[in-house]
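> Have a look at this one.
Residue numbers (the numbering used here): 97 to 869.
Now the structure itself:
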């Protein structure tokens, strides 16, 4: 943030301002910077949180600004060094005293050009080289008199000690004034050690407008005469400054004449330098490109183009007839240096040109998404200097805090570049206000937004009436059925988009869950879930079946109220106990709903030493022989019955009942039936063989057996490879080939395969598996 130092007649005095901030600033928060022939005072980001500067009851904006080095209160040291000291008073409150900050800055500026022209927002200044000897500076104190005031820069002129008399002639009016009259008219004139300085407001009486290359410009033209008895010296000083620029909604275009006629004595000149900057600070080509600025030099003009909203400027909100407008302000700088070839004199020309666009209408817009059964309202867009104070509903006025307390969720949302804001609010649908036609329901929300612009505290409002016409809401229905393995739950949401969330068991239906178990239709979707899913609960367990239940709820996403509840319970035929002919049994114990505190891993058979082979949070699996783990046996006629019981050990059962008195005791009986003896009758029939068959004969055939290196049988071991080493149970791949038979009908079939440690081929033990291939 930068504070203007130049105003009125461009002289600086103590700045006494009050600043309300969240923390006490320090001297490091104030910074003076030398920028060529001007000085700028900037304020650290701490003050950027301050909306305004308060002086008693007056609000003063902190606006950017600069001052010439040759202002009235700077100390000039031979036109080479300029020193400026300022004091800022920050008023305290009833508990603290005022704070006074002293800021000083010394700037060097050399070499001077023959003529230097500075155009600022409210004055124009021209400084020309003066070569007269023994001319003393115009005094910085006013002449004495009953009406003289200390520090008043509109002072009269004293006689120059060396005998010179100064007279100023303005053109084209030919008005002649002495120093006292010049200063009384609001101008400033000064002699420095080497220069004559003249400063004038833009709208002074002796300035005039002139069209230069199609651009209206304000001109101040003077001749200053230094008179002595036998000597008269004339010094001409002219300043020319541009007037407002052209605008479009997207671009600011600033035309500056390349040849400023009132400043030239001929057409022969050379433009040496052209610089562009912002807030008196030069920018290089890369910075200009990054901000989308452009400078084009043609035969007649220097054209500057700045996009509306570009970096370096700022938007400001305004209210006209309770309508919202914005302006965009930026202060570009053009700095030119040229030399006239005839006079061989160079001119430095600097324009600090604040530009503010005309007010641009930005009527706030209200958007909503009624299909969500809630008004999601977005009001915007606004500049950052706009705040939402309250919202008026048909029956009440609520502040932002009160709206949030009622669950309306009022939020301020910033744009990605943090330059704009919108206000977002969520208001659930309430009772329908009116019915337009059969099958349709209209929801209406009427409200008035109360807003204010800072730091001016300019209030304004925006009214909105939002209608949402929806098909009559038919509550969604939930149905279901079971097959042998799964639950099938169908949710039909009829003529509405689903504005609910689905709770399956204790888990919300999310994207990952839906990808695995959900199938969508046009107006419904089906969830297919295995009966053993963790989302289902087991109600009871029987010897050959399990009764499982799945609960489904449709919830309102805004208040978690239940819209629809559905429960489906089915019995699934499952073999929980298996009996094997080798005398072993397996049993599966299932955690049921009536025993929520049960840990299946703690279940045992009748013998507490026989725990589950495997267990998790819902199942326990047992594997045991019928003559172990406390299994009992009974003979019933020709059948043997083996029985066992799965339960918690007594000490765990007592502990569980002590903590959860309502939990039922867990017991599951498992049994196997074996037939003691049985007789079966088989029928056997014979018939003649229809097809011819080969009789078994004897003879000698030559065969060859080779050991392959792997199962592909492409590469075989050679004699030098033996003995071949293999790990235990590592397979060996042999190939047996009939080598001498030429009969294509003869086939080699391996019947008996064995391995022996002797060469006499006597069968000792079988080591081949999977038969002989």
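Glycine included, each C-beta is placed from N, C-alpha and C at the ideal position.
As the structure is a prediction and not an experimental result, all values here were calculated from the model.
Please report how far the alpha carbon of residue 886 lies from the alpha carbon of residue 689, in whole angstroms.
Since the displayed the chain opens at 97 and closes at 869, residue 886 lies outside it and no answer follows.
> For the alpha helix (DSSP H) that residue 609 lies in, which residues bound it at each end?
Taking the first residue of the chain shown as position 1, residue 609 is located at position 513. Per DSSP, residue 609 belongs to the alpha helix (DSSP H) from 607-613.
> Whose C-beta lies closer than 7 Å to the C-beta of residue 359 among residues of the same chain, with five residues either side of it excluded?
Taking the first residue of the chain shown as 1, we reach residue 359 at position 263. Taken in chain order, the residues that qualify are 334, 336 and 443.
> Around the Cβ of residue 136, are there at least 16 other Cβ atoms within 10 angstroms (buried) or fewer (exposed)?
As a position in the chain shown, residue 136 is number 40, starting the count at 1. By the neighbour-count rule (16 or more Cβ atoms within 10 Å), residue 136 is buried.
> So for residue 172, helix, strand or coil by DSSP?
To locate residue 172, count along the chain shown from 1; it is residue 76. Residue 172: strand per DSSP, three-state reduction.
> With three or more beta-carbon pairs closer than 8 Å as the criterion, would you say the segment 472-485 touches the segment 514-521?
yes
> Assuming residue 620 is part of the beta strand (DSSP E), what are its boundary residues?
Taking the chain shown and counting its residues from 1, one reaches residue 620 at position 524. Residue 620 -> beta strand (DSSP E) spans 620-626.
> Since residue 384 is in the alpha helix (DSSP H), which residue starts that stretch and which ends it?
Sequence index remark: in the chain shown, residue 384 carries index 288 (1-based). Note, residue 384: alpha helix (DSSP H), 381-386.
> One question on the structure: do residue 214 and residue 164 come within less than 7 Å of each other, judged by their Cβ atoms?
Position 118 of the chain shown, counting from 1, holds the residue named residue 214. Position 68 of the chain shown, counting from 1, holds the residue named residue 164. For residue 214 and residue 164, yes; Cβs fall inside 7 Å.
> Who are the Cβ neighbours of residue 306 in its own chain at under 7 Å, not counting the five residues just before and after it?
Locating residue 306 in the chain shown gives position 210, counting from the first residue. So the list reads 313, 315 and 358, once near-sequence residues are dropped.
> In whole angstroms, what is the alpha-carbon distance linking residue 841 and residue 808?
Start at 1 with the first residue of the chain shown, and residue 841 comes out as number 745. Start at 1 with the first residue of the chain shown, and residue 808 comes out as number 712. Their Cα atoms are separated by approximately 26 Å.
> Quick check: the segment 766-778 against the segment 794-811, are there 3 or more CB pairs under 8 Å?
no
> Counting along the chain, where does the alpha helix (DSSP H) carrying residue 507 start and finish?
Residue mapping note: residue 507 aligns to position 411 of the chain shown, counting from 1. Taken as a continuous stretch (DSSP letters only), residue 507 belongs to no alpha helix (DSSP H), being part of the beta strand (DSSP E) at 507-510.
> Give the list of continuous beta strand (DSSP E) stretches no shorter than 3 residues that lie fully inside the segment 324-395.
327-338, 347-353, 365-374 and 390-393
> Can you give me the Cβ contacts of residue 408 inside the same chain, cut-off strictly under 7 Å, excluding the 5 residues immediately before and after it?
As a working mapping, residue 408 is identified with position 312 in the chain shown. Once the five neighbours on either side are set aside, the close Cβ partners of residue 408 are 374, 387 and 426.
> Please confirm if the segment 414-426 is in contact with the segment 556-564, defined as three or more CB-CB distances below 8 Å between the two stretches.
Touching, yes.
> Rounded to the nearest angstrom, what separates residue 311 and residue 396 at their Cα positions?
As a working mapping, residue 311 is identified with position 215 in the chain shown. As a working mapping, residue 396 is identified with position 300 in the chain shown. The alpha-carbon of residue 311 is positioned some 11 Å away from that of residue 396.
> Under a three-way DSSP split, which group does residue 276 fall into?
To locate residue 276, count along the chain shown from 1; it is residue 180. Helix, per DSSP.
> Do residue 453 and residue 410 come within 7 Å of each other at the CB atom, strictly closer than that value?
Locating residue 410 in the chain shown gives position 314, where the first residue counts as 1. Locating residue 453 in the chain shown gives position 357, where the first residue counts as 1. In this structure, residue 410 sits away from residue 453, with a CB-CB distance that is not shorter than 7 Å.
> Going by DSSP, name the residue or residues bridged to residue 770.
For the purposes of this step, residue 770 is identified with residue 674 of the chain shown, where counting begins at 1. Partner(s): 736.
> Does DSSP put residue 243 in a helix, in a strand, or in coil?
Within the chain shown, numbered from 1, the residue matching residue 243 stands at position 147. At residue 243, the pLDDT of 37 sits below 50, so the modelled position is not reliable and the matter cannot be decided from this model.
> Work out the CA separation of residue 472 and residue 530 for me, nearest whole Å.
For the purposes of this step, residue 530 is taken as residue 434 along the chain shown, with counting starting at 1. For the purposes of this step, residue 472 is taken as residue 376 along the chain shown, with counting starting at 1. Unreliable placement is indicated for residue 530, whose pLDDT of 38 sits below 50; the coordinate value is still reported in the next sentence. Put simply, the backbone Cα of residue 530 is about 20 Å away from that of residue 472.
> Which residue's Cα is closest to the Cα of residue 697: 470, 716 and 506?
Residue numbering aside, residue 697 sits at position 601 when the chain shown is read from its first letter. The candidate whose alpha carbon is nearest that of residue 697 is 716.
> Can you give me the Cβ contacts of residue 833 inside the same chain, cut-off strictly under 7 Å, excluding the 5 residues immediately before and after it?
Locating residue 833 in the chain shown gives position 737, counting from the first residue. Cβ within range, chain order: 799 and 800.
> Provide the residue(s) that pair with residue 93 in DSSP beta bridges, ordered along the chain.
Not covered by the structure: residue 93. The range shown for the chain is 97 to 869.
> For the segment 807-831, list the alpha helix (DSSP H) runs that are entirely contained and at least 4 residues long, ordered along the chain.
none
> Please list, in chain order, all residues of the same chain as residue 510 whose beta carbon is under 6 Å from its beta carbon, the five residues on each side excluded.
Against the chain shown, residue 510 aligns to sequence position 414. Contacts found: 517.
> Quick one: grab the DSSP three-state call for residue 299.
For the purposes of this step, residue 299 is taken as residue 203 along the chain shown, with counting starting at 1. Three-state DSSP puts residue 299 in coil, outside helix and strand.
> Taking the DSSP output, what are the residues bridged to residue 659?
In the chain shown, residue 659 corresponds to position 563, counting from 1. In the DSSP output, where bridge partners are listed per residue, residue 659 has none listed.
> I'd like the list of long-range same chain contacts for residue 181, defined as Cβ closer than 6 Å, with 5 residues on each side in sequence excluded.
Here residue 181 refers to the residue found at position 85 when the chain shown is read from its first residue. Around residue 181: 200.
> Distance check for residue 823 and residue 743, CA to CA, integer angstroms please.
Along the chain shown, one-based indexing puts residue 743 at 647. Along the chain shown, one-based indexing puts residue 823 at 727. Taking the straight line from one Cα to the other gives about 46 Å.
> Using 8 Å for Cβ pairs, my map puts residue 505 next to residue 522. What's the rounded Cβ distance?
Within the chain shown, the letter at position 409 stands for residue 505. Within the chain shown, the letter at position 426 stands for residue 522. About 5 Å separates the two Cβ atoms, so the contact holds.
> Taking the DSSP output, what are the residues bridged to residue 729?
Against the chain shown, residue 729 aligns to sequence position 633. In the DSSP output, where bridge partners are listed per residue, residue 729 has 738.
> What are the start and end residues of the beta strand (DSSP E) that includes residue 307?
Start at 1 with the first residue of the chain shown, and residue 307 comes out as number 211. 304-308 is the span of the beta strand (DSSP E), which, as asked, contains residue 307.
> If residue 323 and residue 283 are in contact, beta carbons under 8 Å, what's the gap, nearest whole angstrom?
Walking along the chain shown from the start, residue 323 turns up at place 227. Walking along the chain shown from the start, residue 283 turns up at place 187. Not really, about 19 Å apart at Cβ, beyond 8 Å.
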